[in-house]
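The structure appears below as structure tokens.
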Ligand code: SF4
Ligand code: SF4
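In structure tokens form, the structure reads like this:
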């Protein structure tokens, strides 16, 4: 993989390996979101998809995720317009918005655990949907994603 490819390639120009490596493994996009009926604003909750490994912050069924969760986010260069709904730290959103990657991103640090060390991932902050009544989701709304 060419060094710092994200600084000179657009999202559309990246190959599959480059594209996949952009994901920092924060797990935030696997948290349930609620939409404010009046403003349309999306609010993240700390309730995670049942297939998210809460310690590794990785999908436990990644290759078959759409079979298990048909509305799972499938990020592709073709659906760039959806990126505005991703958390502000997400590398896909950052690159889409013309920003650089932060120091804690594994591609910059060279360490896949730096996203956890920087407390950016959901490790230690999320609860599985299997433990939460769907009607209580609003009790788990969180800020600062
Ligand atoms: S929010 Fe972005 S960087 Fe974090 S896990 Fe999801 S796709 Fe990867
Ligand atoms: S199926 Fe996997 S990638 Fe999709 S929301 Fe659940 S944990 Fe995340």
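In our numbering, the protein residues as written are 199 to 343.
Built from N, CA and C at the ideal position, the CB exists for glycine as well.
Sheet register partners of residue i (DSSP bridge)
i, result
"residue 257", "250"
"residue 245", "325"
Residue interval of the alpha helix (DSSP H) (run including residue i)
i, result
"residue 218", "214 to 219"
"residue 294", "289 to 294"
"residue 264", "263 to 266"
CB-CB length for residue i against residue j, believed under 8 Å
i, j, result
"residue 224", "residue 313", "6 Å"
Three-state secondary structure assigned by DSSP to residue i
i, result
"residue 340", "coil"
"residue 226", "helix"
"residue 280", "helix"
"residue 286", "coil"
"residue 233", "strand"
Residue i: CB within 7 Å of a non-hydrogen atom of ligand 1
i, result
"residue 221", "yes"
Closer than 7 Å: residue i CB and nearest ligand 2 heavy atom
i, result
"residue 250", "yes"
"residue 320", "no"
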